[in-house]
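Chains A and B, in that order, give the protein sequences.
Whatever position you read off the first sequence (first residue = 1), add 1000 for my numbering.
Whatever position you read off the second sequence (first residue = 1), add 402 for my numbering.
Okay, so here's the structure we're looking at.
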Amino acid sequence: MSDKLEFYITDETLQKMLSIKKEMGYEEKEWDEWFNHILKIIFSPKTNQSEIEKVMEKMYYDRLYENWVSNFALNLHHVWNESSAKDLDPSNNTEYEKENNSAIVIGSGPSVKKHRHLELLANSDYKGTIICCDSALRNALNAGVTPDKFPTFYVTTIDTDQIIRKYYDDPIVDAYGKKIKGIFSTVVNPLVTEHARKAGIKIYWLHSLFDYNEGKKSFNQISALMVRARKQRGLPAIQTGGNVGTSSWFIAWQILKCGLVGLIGINHSWDEETPLVDIISHGSGLNHTEIDRNSSAFEKLFPKIYNPEFNCHCILDPYFQYYSNALKDFIARSPTWVTTINATEGGCIFGKRITCTKFAEFLQKYNK
Amino acid sequence: MIKANFKISKTSRFDTEEKDKTNENENEKELTQTEFEEFIIKSGASGSFMVFRSDKPEEELGLEEI
C-alpha cells in the first residue's frame, strides 16, 4: 500500500539540491537513488563509536578543546628541543626481541592498596619495564618501587589539566627524577611539564590522537605539521583511550615494544564500599547533582558488575564505562604479539584476550 | 515555491510493533544519549581525555609517526 506525501521547498533549496546532486555525480540519476546515497552516508556507522563516546566527545570539545590548543602552543618550543617518544623504541636494536620483554603498568586504582601490590613489586626481583601512571608515581616511589631498583622506569601523563602538576611536586619525585623518563602528550599543561622538568625527569613527547581522522585541517594533523616544521621527524601518536592507564598500556607495546604487558591498579571502577559521593563525582568529591539511587537511570549510569575472574563486584560510573569499554575493545584488537595480563585483582577489565591472574603469580611467572 | 510529491510505503502494523519491542529491550539495557548527556553536564565531573575513533580501525591503535 502507498500514499503520496506532499511538501513544499523554496526555489533556493531546490537549486542547492540540484547543484549538490550534480556535484555528487547524481545529475542523471533518480532522486530516490541520490537520497538513499545521502542517507547511507549520514546514518551508516562510520566507526566503533558508541553513544557514550559521542556524548563524551561533545563534552570534551565543549570544555577542553581550547585548553589543548593553548597547551600545545606553549609546549611547542620544548617539543622542538626535547626528545621524541620514538627515541625510546628499542626495536632499532636488531637483537631486541619484543616477545621476551615485559612491562608492568601501575595505575592508582583501589586494588593496589588493597592487595599491597606496590610492596609486592618492591620486594620482587622483577627485571622488566615499569610504566607508572602519573597519579601512582608518589605512592610507587614511597613504597620502594624506584628507578634504583627498576632501572627501566617511566612515568606517563596524558591529562591536560594543570592539577596534574601535584603528582610531580613532591620531594620523593625530586629525589628520583633524574633516573625517570617521562612520556608526555604535546597537549598536557605546560605547568605540569615544568614541574617534571624541575624534578629532573627527562621528557619524551608524543601526540594524543583525537581528531586525526578529520583530515588535514584536524588539530592532530596541523599540530603534527608544526612539530615537523623544526624537527626532522614527526612524533608517535597514541590512542589514549581517554585516560593515563590505557595510554600507558598503549605506550608499553606501541612505543616500548614490550610483548607482555601486566596491569596493576587498572580497576576502571569503584569498590562497593566507596562512598557514593566519590562514585557520583568520579572521585572529585564534589556532588553537583541529585540522583535517585533506586531509579533506572542510576542503575544505567552506575552499573554494578560481577568480575568472575577475580570473584568480586565493582561499580562503574559513566567515565569508567567510557574508559573500560574502550580499553577492552583495544586489548581485543591488539596485535597478536601483545599479551595482556591483568593482575589488578579487582575492577572490570576482563574479557577477550585478557588473562587475569594474581599479581604474586604474575611476578613469579613473568619475571623478565 | 516548488511542490514535491513523494510516494511513501506504509509499514505494516506488525513491523512497527516488533520494532517498538526491540527498542524497548535495547532501552532497558542501554543508557540513552539524553540521560547520559544530562548527567555528565549536571555532575560537573570530568575525565582526562577522549577516545579516538576513526573510520580506519587500524588508526585507532595509534600511529608510528605523524
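No residue lacks a Cβ here, since even glycine has one placed at the ideal position from N, Cα and C.
Taking C-alpha positions only, A/Ser1324 is separated from A/Arg1138 by approximately 24 Å. Secondary structure at A/Leu1074: helix, using DSSP grouped into helix, strand and coil. Beta-bridge partners of A/Val1155 (DSSP): A/Cys1132 and A/Gly1182. Membership of A/His1195 in the alpha helix (DSSP H) is indicated by the continuous run Pro1190 to Lys1198. Interface criterion not met: the Cβ of A/Glu1027 is under 9 Å from no Cβ in chain B. For A/Ile1291, same chain residues with a beta-carbon under 6 Å away, outside a window of 5 residues either side, are Phe1298 in chain order.
The DSSP assignment places complete alpha helix (DSSP H) segments of no fewer than 4 residues inside the segment 1185 to 1270 of chain A at 1190 to 1198, 1219 to 1228 and 1244 to 1250, in order along the chain. The C-alpha of A/Gly1351 lies about 7 Å from the C-alpha of A/Lys1328. Each residue's CA atom was taken as its position, placing A/Glu1082 and A/Ala1252 some 21 Å apart.
Between B/Ser450 and A/Ile1158, the gap from beta carbon to beta carbon is short of 9 Å.
For A/Ala1252, none of the residues of chain B pass the 9 Å Cβ criterion, the least Cβ distance being about 12 Å. Given a length threshold of 3 residues, each whole run of the beta strand (DSSP E) inside the segment 1277 to 1342 of chain A is given here in chain order: 1304 to 1307, 1312 to 1315 and 1339 to 1342. Close to A/Leu1235, with beta-carbon spacing below 8 Å, are these residues of chain B in chain order: Glu467 and Ile468. Distance between A/Gly1283 and A/Val1277, taken at the CA atoms: about 8 Å. Not flagged as an interface residue toward chain B: A/Ala1143, since no C-beta distance is shorter than 9 Å. Under the 9 Å criterion on CB atoms, A/Met1056 is classed as interfacial with respect to chain B. For B/Ile468, no alpha helix (DSSP H) segment is defined, and its DSSP state is neither H nor E. Note that the segment 1085 to 1105 of chain A does not touch the segment 1222 to 1229 of chain A; fewer than 3 beta-carbon pairs, one per stretch, sit closer than 8 Å.
Checking the DSSP bridge columns, you'll see A/Ala1103 partnered with A/Thr1129 and A/Val1261. The contact set of A/Ser1111 on chain B, defined by CB atoms closer than 9 Å, is empty, because the minimum CB distance reaches about 19 Å. Annotation for A/Ala1199: Tyr1168, Val1173, Asp1174 and Gly1177 place their beta carbon closer than 6 Å to its own, counting only its chain and skipping 5 residues before and after. With the rule of 3 Cβ pairs closer than 8 Å, the segment 1301 to 1313 of chain A does not count as touching the segment 1230 to 1239 of chain A.
Residue state for A/Ser1124 is assigned as coil, using DSSP reduced to three classes.
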